[in-house]
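Trainee: In UniProt numbering, the protein residues as written are 1 to 378. One structure coming up, written as structure tokens, with questions to follow.
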């Protein structure tokens, strides 16, 4: 009797368990669907509010404006003061060339300056002496003129006397001879005075030429001093030494590439965005940066500037599209991005590293409306 009564109970429990399992599966499926719906809504909302304004590219690299170090004068390298990858400061000596020939040239220029100073002193002395000679000639001419006037007065006084017989004609003839001699003396002294005055111009020109030669000698000495200073090649920027090819004993000419100085502390990012991506980009927009060498770290920056043309415009051989074989290719525009990082981060950032850049363009929405209004036609 008890066995018969227990059978229906077991059957009821057996039917209830599948129902509970089905309800649990429905609940799980509903939960998963709800989670997926919420997740999808969040994703769509994020895309609508943020994601559609994010422009990203992995065609981006760290860049630094490195400086090539080259000598301004030729010579043999006597010293190399820096090693590969060494940090240098502005004005720090990098390389020194043999100074002997440049020191000799400077000494010769200084000696030439001394000789030109002596020439000036000599010309000034000659000019002073000539002025004294002129003063003496003026005095001599004046004495001669006084003698001439006296002789003329004597002739004028004795001519009537000789005519009346009160004075002999021989005496009058002697007086006239003295007068003529005085006139000749005046003429000779005047000619000597004019000759002395004419020499003033030549001596003044000689002095001017000596001054010009002195200035030329000083300019030569200044150039020799510069050449001597240029035998020590210094760094024009702060950074790290790279691509060092200079060696002691090497002969270098002006412009010979010796090494490069890379300002790693001023590294920036160059990102090549498609032309379809830069329509909403503006200077000052925030940028998130992922550096391949710093996986797991997100750096920050801002858009600094845009290139004045696409990369193809600055190619060595620009594309010629005025043919029948045109194929449209999306161009890329280099965008410079300023890194907002500290000194510790800059230590591990090196030019040439690959990065991924994501620009938030939400700040340009007002610009989009203004552009649309500007180009709207009724």
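The C-beta atom is built at its ideal place from N, Cα and C for all residues, glycine as well.
(1) Tell me where the beta strand (DSSP E) around residue 276 begins and ends.
(2) When burial is assigned at 16 or more other CB atoms within 10 Å of the CB, is residue 210 buried or exposed?
(3) With C-beta atoms as the reference, is residue 261 less than 8 Å away from residue 285?
(4) List the endpoints of the continuous beta strand (DSSP E) containing residue 78.
(5) For the beta strand (DSSP E) that residue 356 lies in, which residues bound it at each end?
(6) Rounded to a whole number of angstroms, what is the C-alpha to C-alpha distance between residue 363 and residue 98?
(7) Given a cut-off of 8 Å, decide if residue 63 and residue 267 are closer than it, judged by their beta-carbon atoms.
(8) Three-state secondary structure (DSSP) at residue 297?
(9) Strictly by DSSP, which residues pair up with residue 306?
(10) According to DSSP, which residues form a beta bridge with residue 242?
(11) Assign residue 357 to one of two classes, buried (16 or more other C-beta atoms within 10 Å of its C-beta) or exposed (fewer than that).
(12) Taking the alpha-carbon of residue 90 as reference, which of 233, 127, 197 has the nearest alpha-carbon?
(13) Does the count of Cβ pairs from the region 275 to 292 and the region 96 to 112 closer than 8 Å reach three?
(14) With residue 70 and residue 256 assumed to form a contact (beta carbons below 8 Å), what rounded beta-carbon distance in angstroms separates them?
(15) Just checking, does the region 116 to 123 make contact with the region 193 to 200 on the three C-beta pairs under 8 Å criterion?
(16) Could you name the residues that DSSP lists as bridge partners for residue 232?
(17) Assign residue 18 to one of three DSSP states: helix, strand, or coil.
(18) Looking at residue 335 and residue 251, is the spacing between their C-beta atoms short of 8 Å?
(19) Does the Cβ of residue 340 have 16 or more other Cβ atoms within 10 Å, making it buried, or fewer, making it exposed?
(20) With a threshold of 16 other CB atoms inside 10 Å of the CB of residue 177, please say whether the residue is buried or exposed.
(21) My output table needs one value for residue 363: the three-state DSSP class, helix, strand or coil.
(22) Quick check on the DSSP output: the alpha helix (DSSP H) that includes residue 345 runs from which residue to which?
(23) Whole angstroms is fine: what's the gap from residue 1's alpha carbon to residue 29's?
(24) Under the rule that 16 or more other beta-carbon atoms within 10 Å means buried, what is residue 361, buried or exposed?
(25) Residues in the same chain with beta-carbon distance under 8 Å from residue 275, minus the five sequence neighbours each way, listed in chain order, please.
(26) Between the alpha carbons of residue 164 and residue 155, how many angstroms are there, rounded?
(27) I'd like to know whether the C-beta atoms of residue 259 and residue 244 end up nearer to each other than 8 Å.
(28) DSSP on residue 329, reduced to helix/strand/coil?
(29) Within 10 angstroms of the Cβ of residue 161, are there 16 or more other Cβ atoms? Answer buried if so, exposed if not.
(30) Any contact between the region 51 to 59 and the region 195 to 209? By contact I mean 3 or more CB pairs, one from each, below 8 Å.
(31) For the beta strand (DSSP E) containing residue 90, name the first residue and the last one.
(32) Can you tell me which of the three DSSP states residue 83 falls into?
(33) Could you tell me if residue 264 is buried or exposed, where buried requires 16 or more neighbouring beta carbons within 10 angstroms of its beta carbon?
(34) Just checking my contact of residue 342 with residue 85 at CB under 8 Å: how many whole Å lie between their CB atoms?
(35) Taking residue 87 as the reference, give the member of 237, 315, 359, 168 with the closest Cα.
Mentor: Let me lay it out:
(1) Segment: none, residue 276 is in no beta strand (DSSP E) and carries neither H nor E.
(2) Classification of residue 210: buried, given that the 10 Å Cβ count is 16 or more.
(3) For residue 261 and residue 285, no; Cβs fall outside 8 Å.
(4) Run containing residue 78: 75 to 80, per the beta strand (DSSP E) assignment.
(5) First-last of the beta strand (DSSP E) with residue 356: 354 to 360.
(6) About 59 Å.
(7) The answer is yes: Cβ separation under 8 Å.
(8) If DSSP states are grouped into helix, strand and coil, residue 297 belongs with coil.
(9) According to DSSP, residue 306 bridges with 335.
(10) Per DSSP, the beta bridge partners of residue 242 are 260.
(11) Sixteen is the threshold: when 16 or more other Cβ atoms of the shown chains lie within 10 Å of the Cβ of residue 357, as they do, the residue is buried.
(12) Comparing Cα-Cα distances from residue 90 to each of 233, 127, 197, the minimum goes to 233.
(13) Contact between the region 275 to 292 and the region 96 to 112 is absent, because fewer than three Cβ pairs lie under 8 Å.
(14) About 6 Å separates the Cβ atoms of residue 70 and residue 256, confirming a contact at the 8 Å cut-off.
(15) Flag = no, the region 116 to 123 and the region 193 to 200 do not touch.
(16) BP columns for residue 232 point to 96.
(17) Per DSSP, reduced to three states, the secondary structure at residue 18 is helical.
(18) Annotated as distal: residue 251 and residue 335, with beta-carbon spacing of 8 Å or more.
(19) Classification for residue 340: exposed.
(20) Looking at its Cβ environment, which holds fewer than 16 other Cβ atoms inside 10 Å, residue 177 is exposed.
(21) Helix, per DSSP.
(22) It spans 343 to 346 - the alpha helix (DSSP H) in which residue 345 sits, taken as one unbroken run.
(23) With a pLDDT of 44 at residue 1, under the threshold of 50, the modelled position of this residue cannot be trusted; read the value that follows with caution. Each residue's alpha carbon lies about 44 Å from the other.
(24) When all chains shown are included, residue 361 counts as buried.
(25) Counting only residues of its own chain and dropping the five nearest sequence neighbours on each side, residue 275 has a CB closer than 8 Å to the CB of 310, 330, 331, 332, 333.
(26) Roughly 14 Å between the two C-alpha positions.
(27) It is a contact, given that the beta carbons lie within the stated cut-off.
(28) Three-state DSSP puts residue 329 in coil, outside helix and strand.
(29) Residue 161 should be labelled exposed.
(30) Taking 8 Å as the limit for Cβ pairs, the verdict is that the region 195 to 209 does not touch the region 51 to 59.
(31) That residue, residue 90, is in no beta strand (DSSP E); it is neither H nor E in DSSP.
(32) Note: residue 83 maps to coil in three-state DSSP.
(33) With 16 or more Cβ atoms within 10 Å of its Cβ, residue 264 is classed as buried.
(34) Not quite, the Cβ-Cβ distance comes to about 21 Å (not below 8 Å), so this is no contact.
(35) Of the candidates 237, 315, 359, 168, the residue whose Cα lies closest to the Cα of residue 87 is 237.
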